[in-house]
Amino acid sequence: VDVWASVRVERQSDPLDGVTSETVWTNATACPTPPLNHIGFVRTRDPDDAALAQPPGGDEAFLTGDLTFDRSFRIDGAKPGTVATLNAGIRELLNSSSQEMEVHVEHGTVTCRRMGFISNEGEIADLIRIATRLALALTLPPAEVPARLHDNVRNDPVAAVRRLNLALLVQH
Numbered sequence: 001v002d003v004w005a006s007v008r009v010e011r012q013s014d015p016l017d018g019v020t021s022e023t024v025w026t027n028a029t030a031c032p033t034p035p036l037n038h039i040g041f042v043r044t045r046d047p048d049d050a051a052l053a054q055p056p057g058g059d060e061a062f063l064t065g066d067l068t069f070d071r072s073f074r075i076d077g078a079k080p081g082t083v084a085t086l087n088a089g090i091r092e093l094l095n096s097s098s099q100e101m102e103v104h105v106e107h108g109t110v111t112c113r114r115m116g117f118i119s120n121e122g123e124i125a126d127l128i129r130i131a132t133r134l135a136l137a138l139t140l141p142p143a144e145v146p147a148r149l150h151d152n153v154r155n156d157p158v159a160a161v162r163r164l165n166l167a168l169l170v171q172h
């Protein structure tokens, strides 16, 4: 896994009053080999969003069946591989990680970003550790998709998630 950290400052000027504001983001990005191309991207959504009948975004977006997870994340990408990857443990890891920071998977990499400067080396190491852990957890070779779907059908605690995995397993 290749990992890097960065700090980005975003400046915005208000044309009406001339006031400039700055937002500082500390990022940790992890790119496994091979990249996470089976998951288009995962991006944090508003957890209070009640519009869950249709996932936001294009036609590729879908719901996992886990209401708690679906309220927090927008998922798209190759559906069998993505659904197989998002077992209960990984959904919980993403949910808990996103409480402290913004988490998204895009272009094959996992990025964890936290607003503000991080002055403590331990906090930067934690950010990198979480991004790396997620990147490794989300890595699933295509040959392992049917076995993971089968495992999810047997073991996932959410009935709607088990049904989705079963439907994809039958199609696969």
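Residue numbers (our numbering): 1 to 172.
The beta-carbon is built from N, C-alpha and C at its ideal position, and this holds for glycine as well.
All of these numbers come straight from a predicted model, not from anything done at the bench.
Beta-carbon separation (whole angstroms), residue i vs residue j, contact threshold 8 Å
i, j, result
"K79", "L168", "7 Å"
"V153", "H172", "Actually they are not in contact, since the Cβ atoms of V153 and H172 sit about 12 Å apart, beyond 8 Å."
"I124", "T26", "7 Å"
"C112", "A28", "5 Å"
"I90", "L138", "7 Å"
Residues sharing a beta bridge with residue i, DSSP
i, result
"D2", "C31"
"R113", "N27 and E102"
"T174", "Since the first residue shown for the chain is 1 and the last is 172, residue 174 is missing from the structure and cannot be characterised."
"R8", "W25"
Which listed residue (the options) has its alpha carbon closest to that of residue i
i, options, result
"R148", "L166, L67 and Q12", "L166"
"L94", "R74, H107 and D14", "R74"
"E92", "F69, E100, A84 and T85", "F69"
"M101", "L86, A84 and S72", "S72"
"P142", "S98, E121, I90 and V83", "V83"
"L86", "E121, V19 and H150", "H150"
Proximal residues to residue i (C-beta, below 6 Å), its chain only, five neighbours per side dropped
i, result
"A88", "D156 and P157"
"V3", "A30, I128 and T132"
"T109", "T29 and C31"
"L231", "Only positions 1 to 172 of the chain appear in the structure, and residue 231 is not among them; the question remains open."
Sequence-distant residues of its chain with Cβ nearer than 8 Å to residue i (five each side left out)
i, result
"A5", "T26, N27, A28, T29, I124, L127 and I128"
"V1", "A30, C31, P32, T33, T132, A135 and L136"
"V19", "S13"
Cut-off 7 Å between Cβ atoms - residues of its own chain near residue i, not counting five sequence neighbours on either side
i, result
"Q54", "Note that Q54 scores 47 on pLDDT, short of 50, meaning its location in the model is unreliable; the coordinates nonetheless yield the value given after this. So the list is empty, once near-sequence residues are dropped."
Within-8 Å CB hit, residue i to chain D
i, result
"R113", "The chain inventory of the structure shown lacks chain D, comprising one protein chain alone."
Check your understanding: Per the contact definition of three or more C-beta pairs closer than 8 Å, is the stretch 120-134 in contact with the stretch 147-162?
Key -> no
Review point. Does the pairing of the stretch 105-117 with the stretch 10-17 give three or more beta-carbon distances under 8 Å?
Key: Taking a contact to require three or more Cβ pairs closer than 8 Å, the stretch 105-117 and the stretch 10-17 do not qualify as touching.
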